[in-house]
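Here the sequence shown is numbered in this note's numbering, starting from 811 and rising by one per residue.
C-beta atoms are modelled at their ideal positions from N, C-alpha and C, and glycine is treated no differently.
Everything numeric in this text was worked out from a predicted model, so none of it was measured.
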Amino acid sequence: MNQPHAQVVITGMGLVTCLGSDAPSTWRGVVERRSGIGPLTALEAVAEGTKPEDVRWRGCQAPDPPGSRGAEWPREARLLGRALDEAWREADLGEKPPYRPERCGYAIGTTLHGMRQGGAYLRTADPRHFADFLAGATLRRATHGAYPRGPRLTTCAACSSGLGSVGLAMTLLRAGVLDLVLAGGYDAISEYAYAGFNSLRLIAADPTRPFCRGRDGMTIGEGYAVVVLERAGDAAARGALPVAWVRGLGESSDCHHLTQPHPEGDGAVRAIRAAMTSAGVGPDEIGLISAHATGTPNNDVAEASALRTAFGARLEHVPVVAFKTHIGHALGGAGAAELVLSATALREQTVPPTANVEPGEIEFPSIRLNTGPARRERLGAAMSLSLGFGGANSCAILGPAVGMPAPKEPARDAPLREVLVTGVGVVLPGAIGNEQLASLLAAEPGTGPRAGPIEEDCYAHLINARRMRRMSDYVKLTLGATAVAFEDARIADAPAFTDGCSAILGTTHGSAGYCEAYYTQIVKEGMAAANPMLFAEGVPNAAAAQLSLMLQVKGFCQTIVGTRTAGLDALWLAALRIATGEWERAIVSAGEEHSPLVNRLYKHLGLHASDGSGSPFRPGRGFVTGAGAATLILESRASCTARGARPRGQILAGASLSTECLAGREGIDCVRRGLEAVGGPDQVMSSANGTWIDRVEAMGIAASRRRRGAAVVSSIYGHIAETFSVGPLAAIAGALLGARAARDGHGVLPALRSDWNGYRNLAVPARSGMAARDVGVLCSDYTGLCSAVSFRYLREPDRAVAPRRPSPS
């Protein structure tokens, strides 16, 4: 049920901050103009048994509620789980909501996911901490035993992550993929974050004083915030009482600097204006502004400039609130926490106060901060602005639930648009560029996959060598693959193309080498030794930020993080946004660098092979790893036609599902349902990699075929090493690249090695040169995730087919 303009409402909210363990407690603290600043006793650098009064580091730390489930879990999973539980209860969903489990999912934002576990490993050398390090593991813990079985997505757009997740959730709802999404954000108090922001000289010695003369920085905080989002018509049908109406959302990138905002707030202005257009409102209808308001000198100047440009003379009459003066800067949780508080302000028809600021201190006369007590006032709409490192900007406009127009069901489903692949690019071990990959996959697999790191000299010619000196390998590989994709797509005028372009990237481990080096120095020498360059380049969204800078991509750039499925999920989400008319074009990329530390930790988990061999569908041997990146350029038919591009292929459908345990019948059924949701394709490219995932995928593929005969199964692993999030995108690129050499004009599936075993009764192995037309790409993750995308090779003058609608069940 594609409803691109469907009303989306908030029906439940959960919030854990320094002011309380639930949303009402935090709201009371805000109304009472309290600031939750205090000693950061949860910092890992604080010795056990240290008295709070002896802790010299201060910030806004959330209380650890007694009796919460998962008492042995990592801090971030435990407190996020509490916020999720509260939101579910407030939405009055109970144990059996009116939606099927696979039609309910999660989109959660974070900046640093389970980074505290990385510090625990560096201190103890206990590799068990790694099991809770990645974002997928955090979300699996936090959602343990919960009802939803749809996607569990974690997105990173630095400090804009929490609000960016709401945008993804709205896409999933309006496209008809899901009926309910729990969206939000989190980040725990950590020495990693505190030391990093302190090294950039952004931590204030005193409480945060945004927009004031003499302000000296932000107060680090932590927050766990979740909203339950549903289409208004569905919520009304089950008798739910919405908290607020998400009238519109705007997104943009600054294209300016990795850690500094655009001086005039250009990107923020574009996000605000896009949100107003989406909401169908003008500045005169906004009754409250929740500002990002970090209290840092440059950020406040840029934000004040953006607000003046977007609102004009109206700005002097709109109350502004700076919630960070109460709860600190919660990083990935900030945007979601402030959205919860904005929605509460609308429900209560109250202008909240700002703490720590007196009227005579305000530097910008047009910024009308409420420095007095909370006051009742008629609020027609509220705007919440969230700005992140790398220039990632999100803006949401909420309307009160009271007086919201009655939901209008469309007379018929709006048609989904074609999503065309117009360019592909790869940088992989033994395949620097498209021609080398096509040649590699055209041959029979050798005795082992191409593995290991990729020397910079091999791909330095693809990107600006002067600018790449400080970048991590993950970032450089991503930029290199994207440069190849732009050339393959024959984009003659790159600035014109990227002016209306957005990007969604994927990565499992991000800048692993920089993170390890940065954190090791902190553990050994203390937080004062933090390296600001390593910190800024080590954020998982660094590649998206650098991509926006290199190519001047002005649309929103974010990254799906922390799972093997991240690259395929990024592709599916970008395709949905084009199919529903939100975007015209997108860059989708996945990148991974080679990390000896990561290999050691996977070896401890029994997944990494030490003998250097590697072949799919030989479970028990384990995988070998390699660095690499793969990029796909997606466009609507209108964009493709306007520039005379020749599409290589078309994205037909996508799906993302989750289960409590992938290793067993639940996992097999999860794979089956994922493939059936994308059409039960005859040909499947598996993510098999020599581990127990091979059996789950082989049996799930067979189950998806039922009485239609065995599927032809292929895998890129065996030709190249395990590249985690990169593998599925590289497999699609390889199949489309082989098309030019195929006699029948179809794509070409990578061949399986002849020594595959154990699954001959379940599937037919792909052989060298086997033609591909409609293909399913499958990827599973050890935390209980399965994602699938189907695509078609297009041969001119072939026309694209109608996109497949999301399955209703």
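Checking the sheet assignment: what are the DSSP bridge partners for residue i?
{"i": "residue 1197", "result": "1203"}
{"i": "residue 1234", "result": "1442"}
{"i": "residue 926", "result": "According to DSSP, residue 926 bridges with nothing at all."}
{"i": "residue 934", "result": "In DSSP, residue 934 forms no bridge with anything."}
{"i": "residue 823", "result": "1037"}
{"i": "residue 1468", "result": "1595"}
{"i": "residue 1460", "result": "1230, 1602"}
{"i": "residue 1328", "result": "For residue 1328, which the question treats as bridged, DSSP gives no partner whatsoever."}
{"i": "residue 1208", "result": "1056, 1192"}
{"i": "residue 990", "result": "914, 1040"}
{"i": "residue 1435", "result": "1532"}
Please confirm whether residue i and residue j have their CB atoms less than 8 Å apart.
{"i": "residue 926", "j": "residue 958", "result": "no"}
{"i": "residue 1511", "j": "residue 1539", "result": "no"}
{"i": "residue 831", "j": "residue 862", "result": "no"}
{"i": "residue 919", "j": "residue 975", "result": "yes"}
{"i": "residue 1136", "j": "residue 825", "result": "no"}
{"i": "residue 1232", "j": "residue 981", "result": "no"}
{"i": "residue 997", "j": "residue 1015", "result": "no"}
{"i": "residue 1237", "j": "residue 1264", "result": "yes"}
{"i": "residue 1490", "j": "residue 1463", "result": "no"}
{"i": "residue 1260", "j": "residue 1530", "result": "yes"}
{"i": "residue 1244", "j": "residue 973", "result": "no"}
{"i": "residue 1435", "j": "residue 1373", "result": "no"}
{"i": "residue 1199", "j": "residue 1005", "result": "no"}
{"i": "residue 1165", "j": "residue 843", "result": "yes"}
{"i": "residue 1366", "j": "residue 1202", "result": "yes"}
{"i": "residue 1369", "j": "residue 1353", "result": "yes"}
{"i": "residue 1398", "j": "residue 1045", "result": "no"}
Can you give the Cα-Cα distance for residue i and residue j, rounded to whole angstroms?
{"i": "residue 1342", "j": "residue 1183", "result": "39 Å"}
{"i": "residue 821", "j": "residue 892", "result": "17 Å"}
{"i": "residue 1097", "j": "residue 1020", "result": "20 Å"}
{"i": "residue 796", "j": "residue 1495", "result": "As shown, the chain starts at 811 and ends at 1619. That puts residue 796 outside it, with no answer to give."}
{"i": "residue 1030", "j": "residue 1080", "result": "27 Å"}
{"i": "residue 1603", "j": "residue 1444", "result": "14 Å"}
{"i": "residue 1508", "j": "residue 960", "result": "21 Å"}
{"i": "residue 1411", "j": "residue 1533", "result": "15 Å"}
{"i": "residue 1550", "j": "residue 1246", "result": "Because residue 1550 carries a pLDDT of 48, less than 50, the predicted location of this residue cannot be relied on, and no value is offered for it."}
{"i": "residue 1305", "j": "residue 1349", "result": "26 Å"}
{"i": "residue 1295", "j": "residue 1134", "result": "41 Å"}
{"i": "residue 1526", "j": "residue 1504", "result": "13 Å"}
{"i": "residue 1008", "j": "residue 1181", "result": "27 Å"}
{"i": "residue 816", "j": "residue 990", "result": "13 Å"}
{"i": "residue 1190", "j": "residue 1239", "result": "56 Å"}
{"i": "residue 1128", "j": "residue 1178", "result": "7 Å"}
{"i": "residue 1043", "j": "residue 1092", "result": "25 Å"}
{"i": "residue 1379", "j": "residue 1316", "result": "8 Å"}
{"i": "residue 1577", "j": "residue 1506", "result": "22 Å"}
{"i": "residue 1562", "j": "residue 1242", "result": "22 Å"}
{"i": "residue 1502", "j": "residue 1427", "result": "9 Å"}
{"i": "residue 1607", "j": "residue 932", "result": "Confidence at residue 1607 is low in this model, with a pLDDT of 43, below 50, so the placement of that residue is unreliable and no value is reported for it."}
Among the options, which one has its Cα closest to the Cα of residue i?
{"i": "residue 1621", "options": "920, 904, 871", "result": "For the chain, the structure presents residues 811 to 1619; residue 1621 sits outside this window and is missing."}
{"i": "residue 1067", "options": "1228, 893, 1360, 815", "result": "1360"}
{"i": "residue 966", "options": "977, 960, 956", "result": "977"}
{"i": "residue 1594", "options": "1526, 1489, 1469, 1586", "result": "1469"}
{"i": "residue 1431", "options": "1290, 1528, 1452, 972", "result": "1528"}
{"i": "residue 1130", "options": "1356, 1259, 1100, 1488", "result": "1100"}
{"i": "residue 1588", "options": "818, 1523, 1190", "result": "1523"}
{"i": "residue 1208", "options": "1228, 1132, 1056", "result": "1056"}
{"i": "residue 1088", "options": "866, 1059, 1502", "result": "1059"}
{"i": "residue 1376", "options": "917, 1023, 899, 906", "result": "917"}
{"i": "residue 1115", "options": "1300, 1400, 1082", "result": "1082"}
{"i": "residue 1156", "options": "1194, 1323, 1141", "result": "1194"}
Is the shortest distance between the beta-carbon of residue i and the beta-carbons of chain C less than 8 Å?
{"i": "residue 1358", "result": "No chain C appears in the structure shown, which is made up of a single protein chain."}
What are the uninterrupted segments assigned as alpha helix (DSSP H) that are 4 or more residues long and contained completely in the segment 1104-1146, given in chain order?
-> Inside the segment 1104-1146, DSSP marks whole alpha helix (DSSP H) runs of 4 or more residues at positions 1107-1121, 1134-1137, from first to last along the chain.
Fully enclosed by the segment 999-1076, which beta strand (DSSP E) runs are 3 residues long or longer?
-> Fully enclosed beta strand (DSSP E) runs of 3 or longer: 1033-1041, 1054-1063.
Length at least 3, wholly inside the segment 1479-1536: the beta strand (DSSP E) runs in chain order = Within the segment 1479-1536, the runs of beta strand (DSSP E) at least 3 residues long that lie entirely inside it are, in chain order, 1493-1496, 1521-1525.
Those runs of the alpha helix (DSSP H) which lie wholly inside the segment 1258-1315 and span at least 4 residues | If one requires a minimum length of 4 residues, the alpha helix (DSSP H) runs lying completely within the segment 1258-1315 are 1283-1298, 1304-1309, in chain order.
Which parts of the segment 1366-1427 are runs of the beta strand (DSSP E), unbroken and 3 residues or longer, counting only runs that do not cross its ends?
-> Unbroken beta strand (DSSP E) stretches of 3 residues or longer found wholly inside the segment 1366-1427: 1367-1371, 1395-1402, given in chain order.
Tell me the start and end of each unbroken alpha helix (DSSP H) in the segment 949-979 that is at least 4 residues and wholly inside, in chain order.
-> The segment 949-979 is shown to contain no whole alpha helix (DSSP H) run of 4 or more residues.
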